[in-house]
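Notes follow once the structure below has been shown.
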Amino acid sequence: MLLLMLLMLLLLVMIVIMMLADAMTRAPMLSTSVVLLLDNVIHRMILGLLLDRLQRLLVDDVMLLRNDVMLDQLRLMMQMMMLRLRLMLRNDLLLMQLLVRMSEMMVSGINNVNADRRWSRLD
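Counting with mature numbering (1 follows the signal peptide of the UniProt record, and there is no 0), you get residues -23 to -1, 1 to 100 for the letters of the sequence shown.
Given below as structure tokens:
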């Protein structure tokens, strides 16, 4: 999460520097479309890093569930949801934050299921 915040801060600093340089020269160095293109590329990089990290978290947390058929279906459903969200979330940072929160809820739900299974074995 710290890496994501640093990347977002770097993106903001780069855009501000480009806009200031553009405003200080009489002939614009960078057009608005170039700035928007750079912004889009960096957003995609951040989204890609975040989605890869979330998928690794989900796979690690779901490995304990692979013996149960219903929990396998839950894992497959979550992977399909991640693919759908990957297709939907190309540029929007607010939706990216929503993805983070949804993934955290899924991981905590899996952890609760794992805890219930552990407790049921102790009985």
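Glycine is no exception: its CB is placed at the ideal position from the N, C-alpha and C atoms. All values derive from a computational prediction rather than experimental measurement.
Check: Should Ile23 be counted as a contact of the ligand SAH given a C-beta to heavy atom distance under 7 Å?; Outcome: Absent from the structure shown: the ligand SAH. Ligands present: none.
Check: For Leu(-17) versus Ile23, is the C-beta distance shorter than 8 Å?; Outcome: yes
Check: Would you call Leu27 buried or exposed, if buried means 16 or more other Cβ atoms sit within 10 Å of its Cβ?; Outcome: buried
Check: Rounding to the nearest angstrom, what Cα-Cα distance links Met82 and Val(-11) in this structure?; Outcome: 32 Å
Check: Could you tell me the distance, in whole angstroms, from the CA atom of Ser97 to the CA atom of Arg33?; Outcome: 27 Å
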